[in-house]
Amino acid sequence: MSSRAFSRRHFLKAGVCAGVAAGAAPLLLPASSLGYGRPAPSDRINAGFIGVGWKGLEGCWGSLVQSFTANPLCRSLAVCDINRQKCEKAKQTIDQAYGNNDCRIHGDFRELLACDDIDVVVIGTPDHWHATQTIEACRAGKDVYCEKPLSLTIREARAMVNAARQYGRVVQTGSQSRSFSNIEFACRELRNGLIGEIREIHAACGGPSIPCTLPGEPVPDHIDWEMWLGPAPWRPYHSALVDKNFRPFQDYSGGGMTDWGCHHFDLAQWALGMDASGPVEVHPPDGKEFKWITFLYANGTRLVHQSDVCEKEGGVTFLGTEGDAWGHAMSSRWRLGGDTPWRLPPGPGGAIQGAKAHSDNFLESVRDRRTPTADVEIGCRTVSVCHLANIASWLNRPIRWDPEREVILGDEEASRWLDRAKREPWNL
């Protein structure tokens, strides 16, 4: 982000955050006063939430606000959203959990990042905001939990990894199956040869995003439409976009391909041991050799998107030289060899518990200064698989990919899709 965009930082630190704190003495109470087993407030990790809409507060598999606020390691201090009504609802949720009225509301994420009492930020904004907000949070000295998909483009994802490493921050992406201990066991067993050499994987997820042609509508008073758009090209307001229905559209998301690809392509990458690499070719359907979008890895393994196997089964099907397996990113009910249940070790018990386990892992990683289960590098590699599928689909031609240098080979037009232009002042 340009320095001009952050020229207010020192003013904000002196004004917004210090001003809020000036009217009250520091809250330093014994753990017993807040419930058995809770650390003293001075020992907790202070969290701020950027984006408290559907995923932040209303997600069908558990909300980020509730998961973090319920953790005894965490103290939720502030919320930020372009929708004032969502902010007020999130504040109410947090204040009710703590029995006070202390949660702060910010309309601009830069105000929240300027607050010295915030240790971590939890980002639940639309995909086109993830890179800017994560990178600026790292620069501000905050650790970051960023929802999946990690980024809008491949270049953004790599910039997020670089920022995390440069500033020494813990950055977790929200692929919560990485914190399901039973799914971790399953992927490790597959990687270690349980069904022999994995030759083919069929993964169910949605299709590519498309251009947005929604009509314009009047902007409600409680919505900051300019801030919702941020780095995306300007267009008129539409109510569907500020709810959870931005995902089909190219300027804000990679569609179902990145939404569910960051779950099911992630399982494929995990089982193949490709957390730091990826495929070397991506082929769109051609009606001949490739009936569906197909990835080829250097060892000959194929990853197939949304095939007839997926239409029948959903989830992810692994085909090996000595057997097969089926699983799902949000379920512990995996199978081996057709319909035979795979008795995995006990895990978190379901998607909501898995989401809680994922936020728990992030907070513990922040406390212990260790790599989280879904480190930003893993998120980068998985979302790159998704983005490559979109590029091949949009251009309707094969893509050759160098996963070491992270470049598209011999195709200048395809290479231009590795990043997008951003509106000022939001250039990375």
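Numbering (numbering that gives the first Met the number 0) for the sequence shown: 0 to 427. Think of the CB as a built atom: it goes at the ideal place given N, C-alpha and C, for glycine as much as any other residue. Keep in mind the model is a prediction, meaning the values are calculated, not measured.
If you draw a straight line from the Cα of N389 to the Cα of S208, it comes to about 8 Å. Annotation: the continuous beta strand (DSSP E) that includes W333 extends over S330 to L335.
N99 and F361 have their C-alpha atoms roughly 26 Å apart.
Proximity to E403 across C102, A275 and E423 peaks at A275, based on C-alpha coordinates. Between S176 and M273, the CB-CB gap reaches or exceeds 8 Å. Cα atoms of C309 and P284: separation of roughly 15 Å, rounded to the nearest angstrom.
Residues H237 of the same chain have their beta carbon placed closer than 6 Å to that of L213, with the five preceding and five following residues left out of the count. Using a Cβ distance threshold of 8 Å, K147 and G378 count as a contacting pair. Straight-line measurement puts the Cα of L427 at about 30 Å from the Cα of A267. With contacts defined as CB atoms closer than 8 Å, Y144 and I122 qualify as a contacting pair.
With contacts defined as CB atoms closer than 8 Å, L111 and A130 fail to qualify as a contacting pair. Cβ neighbours of F317 within its own chain (closer than 7 Å, five residues either side excluded): L189, I194, I197, I200, A270, D323 and A324. For L427, there is no enclosing beta strand (DSSP E), as DSSP gives it neither H nor E. Where V384 is concerned, the enclosing alpha helix (DSSP H) starts and stops at V375 to L394. At a Cβ-Cβ threshold of 8 Å, M159 and I182 do not count as neighbours. In this structure the stretch 221 to 234 lies against the stretch 415 to 427, because at least three pairs of beta carbons, one per stretch, are closer than 8 Å. Membership of V169 in any alpha helix (DSSP H) is not indicated, and neither H nor E is assigned to it by DSSP. The continuous beta strand (DSSP E) containing L76 extends over residues C73 to C79. Less than 8 Å separates the beta-carbon of S174 from that of A373. DSSP places L302 outside any alpha helix (DSSP H); the residue lies instead in the beta strand (DSSP E), whose first and last residues are R301 to H304. Our two residues, P71 and S178, have alpha carbons roughly 18 Å apart in a direct line. For P345, the closest C-alpha among the options F184, Q171, A96 and K88 is that of F184.
The Cβ atoms of F108 and Q132 lie closer than 8 Å to each other.
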